[in-house]
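Chemist: Per this note's numbering, the sequence shown runs over residues 16 to 511.
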Amino acid sequence: MQSVATKILSTLLIILFSNQLYSQYDTGYVARDINEMEQFNLYPSYDVYVQMMERFAADYPEICQLVDIGKSVENRRIMAVKISDNVSDNEYDEPEFLYSSTIHGDELCGFNLMLRLIDYLLKNYNSDSYITNLINNVQIYINPLANPDGTYNGGNLFVTKSTRYNKNGKDLNREFPKIDEQPTETLQPEVQCMVDFAKKHYFGISANLHAGSEILNYPWDSFFANEMPLPDNYWFVQICKKYVDTAHLIDPEYMISDIGPEGYVFGSEWYKIAGGRQDYMNYFHRCREITIELSNDYILHPDYLDEYWQKNRQPLINLIGESLHGVTGNVTNLYGETIPNAEIIVIDKDKAYSTVFTNAGGYYFRYLPNDSIYEIAAYAEGYETANQVVRTEKEQLVTLNFMLKEGVPDYPLPSEKTDADEPLFTAICTGGKLQMSSTTTINSVVLTTYDGRIVTKLQSKSTKTEYSVNNCSQGVYVIKADCGGRILTNKIFLSK
Ligand SMILES: [Zn+2]
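1) Return the chain-ordered list of same chain residues with a C-beta closer than 7 angstroms to the C-beta of Glu-122, the five sequence neighbours on each side being excluded.
2) Enumerated in chain order, which unbroken segments of the alpha helix (DSSP H) with a length of 4 residues or greater are wholly contained in the segment 111-176?
3) Looking at the secondary structure, which residues open and close the beta strand (DSSP E) in which Ile-307 lies?
4) Answer yes or no: the CB of Gly-227 versus the heavy atoms of ligand 1, is any distance below 7 angstroms?
5) Would you please state the rounded distance, in angstroms, between the beta carbons of Thr-464 and Val-470? I believe it to be under 8 angstroms.
6) Tell me, please, whether the segment 326-344 touches the segment 152-165 by the rule of three or more beta-carbon pairs shorter than 8 angstroms.
7) Does the beta-carbon of Asn-188, which I'm using as the reference point, lie nearer than 7 angstroms to any heavy atom of ligand 1?
8) With which residues is Lys-479 paired in a DSSP beta bridge?
9) Are the segment 349-361 and the segment 258-275 in contact at 8 angstroms, needing three or more beta carbon pairs?
10) In angstroms, rounded to a whole number, what distance separates the CA positions of Asn-297 and Ser-369?
11) Give the DSSP-derived three-state secondary structure of Thr-504 in the structure shown.
12) Quick check on the DSSP output: what are the complete beta strand (DSSP E) runs of length 3 or more inside the segment 29-101, in order along the chain?
13) Measure the beta-carbon distance from Cys-124 to Leu-309 and round it to whole angstroms, keeping in mind my assumption that it falls under 8 angstroms.
14) Go through its chain and collect everything with a Cβ distance to Ile-133's Cβ below 6 angstroms, but skip five positions before and after it.
15) Mind pulling the alpha helix (DSSP H) runs of 4 or more residues that sit fully within the segment 165-245?
16) So, are the CB atoms of Val-2 and Glu-229 less than 8 angstroms apart?
17) By alpha-carbon positions, which one of Glu-111, Phe-372, Ala-375 and Leu-383 ends up nearest to Lys-364?
18) How is the alpha helix (DSSP H) around Gly-282 delimited, first residue to last?
19) Report, in whole angstroms, the separation of the C-beta atoms of Glu-111 and Phe-218, which I expect to be a contact under 8 angstroms.
20) Give me whichever residues DSSP pairs with Val-404 in a beta bridge.
21) What residue range does the alpha helix (DSSP H) around Leu-264 cover?
22) Let me check one thing: in DSSP terms, what residues is Thr-441 bridge-paired to?
23) Cβ atoms of Gly-278 and Leu-245: under 8 angstroms apart, would you say?
24) Among residues of its own chain, excluding the 5 on either side of His-300, which ones have a beta-carbon nearer than 7 angstroms to its beta-carbon?
25) According to DSSP, which residues form a beta bridge with Phe-372?
26) For the putative contact between Ala-44 and Tyr-58, defined by C-beta atoms under 8 angstroms, what is the C-beta separation to the nearest angstrom?
27) Let me know if Glu-109 comes out buried or exposed under the rule of 16 or more other beta-carbons within 10 Å of its beta-carbon.
28) Per DSSP, what kind of secondary structure is Arg-292 in: helix, strand or coil?
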């Protein structure tokens, strides 16, 4: 028979021993084994993260490749996967898209969501036609963790001790080359490898995932619009609006706050920063990068990860799909030889810092709003500049090829126009009336229910028009307005 003292002693030992076990990792937060990540309701330990990335590539070798971008200060791997058909080739006629998360090591939601997105894309290839089309036609890069030392600040089995900074105490989203300063000091290793990675690629659209707020943020972060006009302001607003509208199908309150009542904000109007990745990618690489602030909580409790996945899954997938809406083409000489690094200039729109360039295979991708007519010039040293007119189509990548004749180029002057030239359209519902106005003539309006049933079609020749909603049942409707030839879409809640 055990004495009472022995019993107490053994109980104490068990408590001590299990406490020690539990104190060696973040129980309830961290998966120590790859199988514990099956449901994506935890954050992986560093070793599990590496295993997962390696396994994605091993399990789907036809469409997934592991890319080592570089190493952190503490020698942890900074990795991405490339997801595409013909994954080992550079398919220059396909756009390149980039997701990158957790450059602030303690902003964890995106780290988990990116791993889940990789898994979801790979599992749905050849079963979901939208995803199959994306993988066949876009070169998708996903970097789930841009600051591993920050995330694993407390050790490879801990995320609750994570920090915003890298091991040198630097905020990496302030350390990218700045637009108006000569680079002097050496870059942080996590930044240097991302700079080298961006230089090696031709990313057309990218997003940097953060936490601490729930909102989308688009350039510039380091300038106000009047200091450096953003020629693609309207395009950015449209893609942000689509992201938020899609997320609202799951949670109508998501991303709505005082910062930006519509769910998105021009970066510097929220707060100004210099040395952020968003401005760096946009200005130096002509890549349309936005910032996605996923969750108000920095270290989001794992219990909420699934909820944030549900809200963001479709918007994240659709944003990749924006890579296939715009204008593309190749630039060749008269002998059909490709001309890399030719500059593609949208006349009366582009500034010197918003034009795009052909890649090493002579292809370009220029993202522009739907249903509009643009004059586009191709400029290359040793060739006469060629101009052509194109109409962008809804959710299509319209082809516009250029064949250049040898000669003396003529550089089109940068546009004096600003985005204020893009028409605005507003609609409000008050006193049983839907009141609509635009900065230009409203030619027509189509009002549909959320599931696409047409309620009414209106003709107009004015900047203002209205419609009585007394026969409409209360709910969310979609308005498509032709404002001066530009189709603008708004979502509105109608009530009597
Ligand atoms: Zn952040």
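Cβ coordinates follow ideal geometry from the N, Cα and C atoms, glycine included.
Modeler: Reading off the structure:
1) Here residue 122 refers to the residue found at position 107 of the sequence shown. Cβ within range, chain order: His-225, Ala-226, Gly-227 and Tyr-313.
2) 124-139, 144-152 and 163-166
3) Taking the first residue of the sequence shown as 1, we reach residue 307 at position 292. Start and end: 303-308.
4) Against the sequence shown, residue 227 aligns to sequence position 212. Set against 7 angstroms, the gap from the CB of Gly-227 to the closest heavy atom of ligand 1 is smaller.
5) As a working mapping, residue 464 is identified with position 449 in the sequence shown. As a working mapping, residue 470 is identified with position 455 in the sequence shown. About 6 angstroms; that satisfies the 8 angstroms criterion.
6) Segment contact: the segment 326-344 against the segment 152-165, three or more CB-CB distances shorter than 8 angstroms; contact assigned.
7) Here residue 188 refers to the residue found at position 173 when the sequence shown is read from its first residue. For ligand 1, at least one heavy atom lies less than 7 angstroms from the Cβ of Asn-188.
8) Position 464 of the sequence shown, counted from the first residue, corresponds to residue 479. Answer by DSSP bridge pairing, in chain order: Ser-452.
9) Verdict: no, contact absent.
10) Position 282 of the sequence shown holds residue 297. Position 354 of the sequence shown holds residue 369. Their Cα atoms are separated by approximately 8 angstroms.
11) For this step, residue 504 is matched to residue 489 along the sequence shown. The answer is strand: DSSP assigns Thr-504 an E or B state.
12) 79-86 and 92-98
13) Indexing the sequence shown from 1 puts residue 124 at position 109. Indexing the sequence shown from 1 puts residue 309 at position 294. So it is a contact: roughly 4 angstroms between Cβ atoms.
14) Within the sequence shown, the letter at position 118 stands for residue 133. Cβ neighbours of Ile-133 beyond the five flanking positions: Phe-71, Val-96 and Ile-157.
15) For the alpha helix (DSSP H) assignment, the uninterrupted runs of no fewer than 4 residues enclosed by the segment 165-245 are, from N- to C-terminal side, 204-215.
16) Nothing can be reported for residue 2: it is not among the residues displayed for the chain, which extend from 16 to 511.
17) Residue numbering aside, residue 364 sits at position 349 when the sequence shown is read from its first letter. Closest option to Lys-364, Cα to Cα, is Leu-383.
18) Within the sequence shown, numbered from 1, the residue matching residue 282 stands at position 267. For Gly-282, the enclosing alpha helix (DSSP H) has its first and last residue at 282-285.
19) If you number the sequence shown from 1, residue 111 lands on position 96. If you number the sequence shown from 1, residue 218 lands on position 203. At roughly 5 angstroms, the Cβ-Cβ gap stays under 8 angstroms, so Glu-111 and Phe-218 are in contact.
20) Counted from its first residue, the sequence shown places residue 404 at position 389. Per DSSP, Glu-390.
21) Numbered from 1 along the sequence shown, position 249 holds the residue referred to as residue 264. Unbroken run through Leu-264: none, as it is neither H nor E.
22) For this step, residue 441 is matched to residue 426 along the sequence shown. Its beta-bridge partners are Ser-452.
23) In the sequence shown, counting from the first residue as 1, residue 245 sits at position 230. In the sequence shown, counting from the first residue as 1, residue 278 sits at position 263. In this structure, the beta-carbon distance from Leu-245 to Gly-278 does not fall below 8 angstroms.
24) Taking the sequence shown and counting its residues from 1, the one referred to as residue 300 is at position 285. The residues are Ala-213 and Phe-218.
25) Start at 1 with the first residue of the sequence shown, and residue 372 comes out as number 357. Partner(s): Glu-358.
26) Residue 44 sits at position 29 when you count from the first residue of the sequence shown. Residue 58 sits at position 43 when you count from the first residue of the sequence shown. The displayed chain sequence assigns Tyr, not Ala, to residue 44. With 8 angstroms as the limit, Tyr-44 and Tyr-58 qualify as a contact, their Cβ atoms being about 6 angstroms apart.
27) Within the sequence shown, numbered from 1, the residue matching residue 109 stands at position 94. Result: buried.
28) The sequence position of residue 292 within the sequence shown is 277, counting from 1. Helix, per DSSP.
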